[in-house]
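Trainee:
Residue numbers (the working numbering): 2 to 168.
This is the structure we're talking about:
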(Lines of atoms letter the chains of each structure in order from A; the text may use other names.)
(Lines give C-alpha, C1' and ligand atoms only; values in the text may rest on other atoms or scores of the structure.)
Protein backbone atom coordinates (compact mmCIF):
# COMPACT_ATOMS: atom_id res chain seq x y z
CA UNK A 2 0.00 0.00 0.00
CA UNK A 3 1.05 3.59 -0.54
CA UNK A 4 1.83 4.23 3.13
CA UNK A 5 4.63 1.70 3.13
CA UNK A 6 5.86 2.78 -0.31
CA UNK A 7 6.27 6.28 1.12
CA UNK A 8 8.26 4.83 4.01
CA UNK A 9 10.49 2.97 1.55
CA UNK A 10 11.16 6.10 -0.50
CA UNK A 11 11.96 8.19 2.58
CA UNK A 12 14.24 5.45 3.91
CA UNK A 13 16.03 5.34 0.55
CA UNK A 14 16.64 9.10 0.70
CA UNK A 15 17.92 8.69 4.28
CA UNK A 16 20.33 5.94 3.21
CA UNK A 17 21.61 8.11 0.35
CA UNK A 18 22.24 10.96 2.81
CA UNK A 19 24.00 8.65 5.27
CA UNK A 20 26.21 7.31 2.47
CA UNK A 21 27.35 10.83 1.60
CA UNK A 22 27.77 12.26 5.12
CA UNK A 23 31.11 10.65 6.09
CA UNK A 24 33.04 11.98 3.10
CA UNK A 25 34.61 15.41 3.17
CA UNK A 26 33.60 16.35 -0.35
CA UNK A 27 30.06 14.92 -0.30
CA UNK A 28 29.12 15.79 3.30
CA UNK A 29 27.39 19.12 2.55
CA UNK A 30 25.29 17.43 -0.13
CA UNK A 31 24.62 14.57 2.28
CA UNK A 32 23.49 17.08 4.91
CA UNK A 33 21.09 18.70 2.43
CA UNK A 34 19.67 15.32 1.42
CA UNK A 35 19.38 14.42 5.12
CA UNK A 36 17.25 17.54 5.67
CA UNK A 37 15.01 16.43 2.79
CA UNK A 38 14.71 12.92 4.27
CA UNK A 39 13.67 14.28 7.68
CA UNK A 40 11.00 16.37 6.04
CA UNK A 41 9.70 13.42 4.04
CA UNK A 42 9.00 11.34 7.13
CA UNK A 43 9.23 12.60 10.72
CA UNK A 44 9.74 9.06 11.99
CA UNK A 45 13.28 9.26 10.58
CA UNK A 46 14.25 11.54 13.47
CA UNK A 47 15.87 8.53 15.13
CA UNK A 48 18.79 9.00 12.72
CA UNK A 49 19.59 12.57 13.83
CA UNK A 50 21.97 11.70 16.71
CA UNK A 51 23.96 9.23 14.61
CA UNK A 52 24.14 11.52 11.59
CA UNK A 53 25.23 14.39 13.82
CA UNK A 54 27.97 12.23 15.30
CA UNK A 55 29.19 11.26 11.82
CA UNK A 56 29.32 14.91 10.76
CA UNK A 57 31.17 15.92 13.94
CA UNK A 58 33.76 13.20 13.42
CA UNK A 59 34.42 13.10 9.70
CA UNK A 60 32.79 15.92 7.79
CA UNK A 61 33.26 19.67 7.39
CA UNK A 62 30.98 20.83 10.20
CA UNK A 63 30.27 24.41 9.13
CA UNK A 64 29.58 23.56 5.48
CA UNK A 65 27.35 20.64 6.49
CA UNK A 66 25.46 22.73 9.04
CA UNK A 67 24.86 25.55 6.56
CA UNK A 68 23.72 23.08 3.90
CA UNK A 69 21.36 21.27 6.29
CA UNK A 70 19.99 24.50 7.77
CA UNK A 71 19.44 26.11 4.38
CA UNK A 72 17.40 23.20 3.07
CA UNK A 73 15.51 22.74 6.35
CA UNK A 74 14.64 26.44 6.60
CA UNK A 75 13.72 26.56 2.92
CA UNK A 76 11.18 23.82 3.52
CA UNK A 77 9.76 25.25 6.77
CA UNK A 78 9.82 29.04 6.20
CA UNK A 79 6.59 29.13 4.14
CA UNK A 80 4.80 27.54 7.10
CA UNK A 81 6.43 29.48 9.94
CA UNK A 82 3.12 30.99 11.11
CA UNK A 83 1.58 27.52 11.35
CA UNK A 84 4.52 25.83 13.08
CA UNK A 85 2.56 25.02 16.24
CA UNK A 86 -0.24 23.39 14.22
CA UNK A 87 2.25 21.47 12.09
CA UNK A 88 4.14 20.16 15.12
CA UNK A 89 0.91 18.98 16.76
CA UNK A 90 -0.02 17.12 13.56
CA UNK A 91 3.47 15.66 13.06
CA UNK A 92 3.84 14.56 16.69
CA UNK A 93 0.34 13.66 17.95
CA UNK A 94 1.33 12.60 21.46
CA UNK A 95 -2.32 12.47 22.52
CA UNK A 96 -2.84 9.40 20.32
CA UNK A 97 -0.72 7.33 22.64
CA UNK A 98 2.09 4.84 22.20
CA UNK A 99 0.20 1.82 20.87
CA UNK A 100 -1.83 1.22 17.74
CA UNK A 101 -4.49 -1.42 17.19
CA UNK A 102 -1.51 -3.57 16.18
CA UNK A 103 1.63 -3.71 18.25
CA UNK A 104 4.86 -2.81 16.57
CA UNK A 105 7.87 -4.71 17.81
CA UNK A 106 9.30 -2.07 20.10
CA UNK A 107 9.98 -1.37 23.77
CA UNK A 108 6.42 -0.13 24.36
CA UNK A 109 4.93 -3.43 23.18
CA UNK A 110 7.20 -5.22 25.66
CA UNK A 111 6.12 -2.88 28.47
CA UNK A 112 2.45 -3.35 27.47
CA UNK A 113 2.94 -7.12 27.70
CA UNK A 114 4.45 -6.72 31.17
CA UNK A 115 1.51 -4.52 32.15
CA UNK A 116 -0.98 -7.14 30.96
CA UNK A 117 0.84 -9.86 32.87
CA UNK A 118 1.07 -7.75 36.02
CA UNK A 119 -2.64 -6.86 35.78
CA UNK A 120 -3.58 -10.52 35.44
CA UNK A 121 -1.26 -11.52 38.29
CA UNK A 122 -2.62 -8.91 40.69
CA UNK A 123 -6.24 -9.56 39.71
CA UNK A 124 -6.72 -5.86 38.98
CA UNK A 125 -8.55 -4.33 36.07
CA UNK A 126 -7.44 -5.48 32.65
CA UNK A 127 -5.12 -3.34 30.64
CA UNK A 128 -6.90 -1.06 28.14
CA UNK A 129 -4.17 -1.91 25.62
CA UNK A 130 -5.85 -5.31 25.09
CA UNK A 131 -9.26 -3.89 24.20
CA UNK A 132 -8.38 -3.04 20.60
CA UNK A 133 -8.75 0.67 21.27
CA UNK A 134 -6.40 3.03 19.53
CA UNK A 135 -5.18 6.38 20.67
CA UNK A 136 -4.90 5.65 24.37
CA UNK A 137 -2.71 8.32 25.91
CA UNK A 138 -2.45 6.20 29.07
CA UNK A 139 -2.52 2.53 27.99
CA UNK A 140 -0.98 1.00 31.12
CA UNK A 141 -2.63 -0.03 34.40
CA UNK A 142 0.37 -1.18 36.46
CA UNK A 143 3.38 0.15 34.55
CA UNK A 144 3.95 3.92 34.58
CA UNK A 145 2.49 5.80 31.61
CA UNK A 146 5.35 7.71 29.99
CA UNK A 147 5.17 11.34 28.99
CA UNK A 148 6.57 12.51 25.64
CA UNK A 149 9.67 13.74 27.50
CA UNK A 150 9.99 10.40 29.29
CA UNK A 151 9.73 8.58 25.97
CA UNK A 152 12.43 10.81 24.49
CA UNK A 153 14.70 10.09 27.46
CA UNK A 154 14.23 6.32 27.00
CA UNK A 155 15.11 6.62 23.31
CA UNK A 156 18.21 8.73 23.98
CA UNK A 157 19.47 6.38 26.70
CA UNK A 158 18.93 3.42 24.35
CA UNK A 159 20.98 5.21 21.66
CA UNK A 160 23.95 6.09 23.87
CA UNK A 161 25.92 2.84 23.37
CA UNK A 162 25.72 3.21 19.58
CA UNK A 163 26.70 6.88 19.76
CA UNK A 164 29.70 6.09 21.96
CA UNK A 165 30.70 3.38 19.47
CA UNK A 166 30.50 5.87 16.60
CA UNK A 167 32.69 8.28 18.54
CA UNK A 168 35.51 5.72 18.84
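Where is the CB? At the ideal position from N, CA and C, for every residue including glycine.
If I follow the unbroken alpha helix (DSSP H) through residue 76, where does it start and stop?
Mentor: Here the alpha helix (DSSP H) through residue 76 covers 62 to 77.
Trainee: Who are the Cβ neighbours of residue 50 in its own chain at under 7 Å, not counting the five residues just before and after it?
Mentor: Contacts found: 159 and 163.
Trainee: Report the rounded CA-to-CA distance for residue 76 versus residue 84, giving the unit in angstroms.
Mentor: Going from the Cα of residue 76 to the Cα of residue 84 covers about 12 Å.
Trainee: In three-state terms, what does DSSP make of residue 50?
Mentor: Residue 50 falls in the helix class under three-state DSSP.
Trainee: Taking buried to mean at least 16 other C-beta atoms within 10 Å of its own C-beta, is residue 29 buried or exposed?
Mentor: Classification of residue 29: buried, given that the 10 Å Cβ count is 16 or more.
Trainee: Is residue 123 helix, strand or coil when you go by DSSP?
Mentor: Coil.
Trainee: On the premise that residue 61 lies in contact with residue 25, defined as a C-beta separation below 8 Å, what is that separation, rounded to the nearest angstrom?
Mentor: Contact holds; Cβ gap of about 6 Å.
Trainee: Could you please give the first and the last residue of the uninterrupted alpha helix (DSSP H) stretch that includes residue 156?
Mentor: It spans 148 to 167 - the alpha helix (DSSP H) in which residue 156 sits, taken as one unbroken run.
Trainee: Cβ atoms of residue 32 and residue 69: under 7 Å apart, would you say?
Mentor: The answer is yes: Cβ separation under 7 Å.
Trainee: Could you say which of 17, 27 and 82 lies nearest to residue 48 if we only look at CA atoms?
Mentor: Nearest option by C-alpha distance: 17.
Trainee: Let's see if you can read the secondary structure: which residues bound the alpha helix (DSSP H) around residue 93?
Mentor: From DSSP, residue 93 is part of no alpha helix (DSSP H); its letter is neither H nor E.
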